[in-house]
Amino acid sequence: MEIRSVRGMNDLFGEELYQWTQVENRIKQIFGSFGYSEIRTPVLEKTEVFSGTVGNETDIVEKQMYQVITDSETYVLRPEGTASFMRSILENKLHTSGQPSRFFYYLPMFRHERPQKGRLRQFHQFGAELINDSSPEADAELITVLDQIYKSFEITEYRVRINSVGCNQCRGDYKETLKNFFRPKLQQLCEQCQKRFERSAMRILDCKRENCRETTKTAPLITSCLCADCKAHHERVKSCLIQAQVKFEEDPYIVRGLDYYTRTAFEFTSELLGAQDALGGGGRYDGLSARFGEAPFPAVGFGLGMERLMIVLKEKQNLPQFNFAPSFFFAPIGEKAFEILYPLSLRLKRQGIWCDISYDKTKGLKWFLKQANRVNANYSLMMGDEELKNGIALLKDMKQGSQEEIPMASLENELLRRVHREP
Ligand code: AMP
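Count the sequence shown with my numbering and you get residues 3 to 425, in order.
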């Protein structure tokens, strides 16, 4: 077949999708126990949801957004969660109570990046956002939730790096100091960093290229430029994390790629991932609502990549067990047996018991047993002319290999009894 899926966009099915769903459910449970309720926003958004808010010089806005062009409008496929979330919060006035409110989302994101291991063009992110709370405890809570998610899957091979990128005031001063440092060294920076220099010098610190890393090694650090309030906030975030028993390290080079962050920025990385080692990350974005032309209110959040979590779980051989098999496989040999087993199979299904039945009435016992094995059924139930004559059915325990005769009159009860005994 010539028609294939779009590069960097995968199909999910069978065992793999089953495992994804188990993992997703566990994460949703964790969000539930921390008081986060779900929010879903559309896949398509107007371009300006991201262009003026995430930052025009960011990779996402500059070159990674997919556009959908209709006769009269251009839209984009959502490349990240926080700006769509903010658009929705403002539009639905979910912030106006002034009370702290917690939300999570689980949505596909679209970025036109070069696909590689752990980097797709359609990928899935869980995100959490806590609005109307400016306290450092709120920042620590988000980091703790993300940490709890990985802990709950028994993942230990990750590092939590935190930093403060300051507020508008102290960051402004820092940017100037940084520019003064880089100005005589511009030639040593990559082309992209040279472009970044004028408008987003802090992002140079985030560059992964060897030359840029070497140059930034001696750059002044934000830590030395934080104002008293930002410093106190940062110190309190750290002490909360210690209380919460979240292991972290300080990394003044964590600036996060997007323009809207203020104060706390954090990243979780894992050596099990290879080159694309970011598991998740986030930070405070008190300034984002103002970028939508609204009054500012505090907010903090994170995004977690599902594909990368699944890579780590696979690497650790810690993926959930595939457990999708019928309790019973019915093998009616001939029309008459089918007339009895078909309604019985429906009655069981309606009671929530998966009971597979073949609609092919021409097959014999051997074929049925093969099918029962193939679908991994716990029991197979066989009925042919001989059994009909004797008023019984043959129930085979596929795991034990044992077989017993069950009287037709008590068949349904006997089957139910067995299911309720199953673990
Ligand atoms: P970001 O919004 O870039 O901070 O990404 C948040 C998380 O989403 C990252 O830490 C990754 O786990 C994941 N992620 C980001 N980009 C991709 C991608 N192209 N493919 C798969 N996962 C991604």
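A virtual CB, placed ideally from N, CA and C, is assigned to each residue, including glycine.
All figures in this text were calculated on a predicted structure; none of them were measured in a lab.
Range of the contiguous alpha helix (DSSP H) that encloses Val70: No alpha helix (DSSP H) holds Val70; the beta strand (DSSP E) holding it covers 69 to 71.
Just curious, the alpha helix (DSSP H) that Tyr152 is in, first and last residue? 138 to 154
Take Ser272 as the anchor and find which of Asp231, Lys318, Ile244, Lys233 has the nearest alpha-carbon. Lys318
What number of angstroms, rounded off, separates the C-alpha of Gly393 from the C-alpha of Glu407? 10 Å
Can you tell which of Glu17, Arg123, Glu82, Arg286 has the C-alpha that lies nearest to the C-alpha of Arg42? Glu82
Provide the residue span of the alpha helix (DSSP H) that contains Thr179, from first to last. 170 to 184
Collapsed DSSP secondary structure at Met3 in the structure displayed: coil
In terms of DSSP beta bridges, what is Ile224 paired with? Looking at the DSSP assignment, Ile224 forms no beta bridge with any residue, so it has no partner.
I think Ile133 touches Thr266, with their Cβ atoms under 8 Å apart; what is that distance to the nearest whole Å? Going by Cβ atoms, the distance from Ile133 to Thr266 rounds to 15 Å, so no, they are not a contact pair.
Is it the case that the Cβ atoms of Pro300 and Gln21 are separated by a distance below 8 Å? no
What number of angstroms, rounded off, separates the C-alpha of Cys195 from the C-alpha of Asn27? 41 Å
One question on the structure: do Val257 and Leu207 come within less than 8 Å of each other, judged by their Cβ atoms? yes
Beta carbon of Ser382, beta carbon of Met410: below 8 Å? no
If the criterion is Cβ atoms closer than 8 Å, does the pair Glu309 and His126 meet it? yes
Where Pro254 and Glu40 are concerned, what is the direct C-alpha to C-alpha distance, given to the nearest angstrom? 33 Å
How many angstroms separate the CA atom of Ile313 from the CA atom of Pro334? 43 Å
Coil, strand or helix - Ala246 by DSSP: coil
Ile133, enclosing beta strand (DSSP E) - first and last residue: 124 to 133
If you follow the beta strand (DSSP E) that Cys357 is part of, which residue opens it and which one closes it? 357 to 359
Please state whether the Cβ-Cβ distance between Asp387 and Gly307 is less than 8 Å. no
Under 8 Å, do Arg121 and Gln278 count as touching if we go by C-beta distance? yes
Using a Cβ-Cβ cut-off of 6 Å (strictly less than) and excluding sequence neighbours within five positions of Thr146, which residues of its own chain qualify? Ala246, Val248
Can you tell me whether Ser39 is helix, strand or coil according to DSSP? strand
Pull up the distance between the alpha-carbon of Cys357 and that of Met385, whole angstroms please. 15 Å
For the 8 Å Cβ check, are there 3 or more pairs between the region 95 to 103 and the region 48 to 56? no
Quick one: what does DSSP say Asp399 is sitting in, helix, strand or coil? strand
Whole-angstrom distance between Asp149 and Thr157, CA atom to CA atom: The sequence given here places Ile at residue 157; Thr does not occur at that position. Straight-line Cα distance between these residues: approximately 10 Å.
Assign Met88 to one of two classes, buried (16 or more other C-beta atoms within 10 Å of its C-beta) or exposed (fewer than that). buried
With Leu413 and Gln405 assumed to form a contact (beta carbons below 8 Å), what rounded beta-carbon distance in angstroms separates them? The pair is not a contact, with the Cβ atoms about 15 Å apart (cut-off 8 Å).
Which word fits Pro138, buried or exposed, when buried means at least 16 other C-beta atoms lie within 10 angstroms of its C-beta? buried
Any chance the CB of Ala280 is under 7 Å from a heavy atom of the ligand AMP? yes
Spatial neighbours of Ala140 within its chain, please: C-beta separation below 6 Å, excluding the five flanking residues on both sides. Leu132, Val302
Counting only the same chain and skipping the five closest in sequence on each side, list residues whose C-beta sits under 6 Å from that of Thr225. Pro254
Sheet register partners of Met384 (DSSP bridge): Ala333, Leu396
Segments of 4+ residues assigned as alpha helix (DSSP H) that fall wholly inside the region 39 to 113: 50 to 56, 83 to 93
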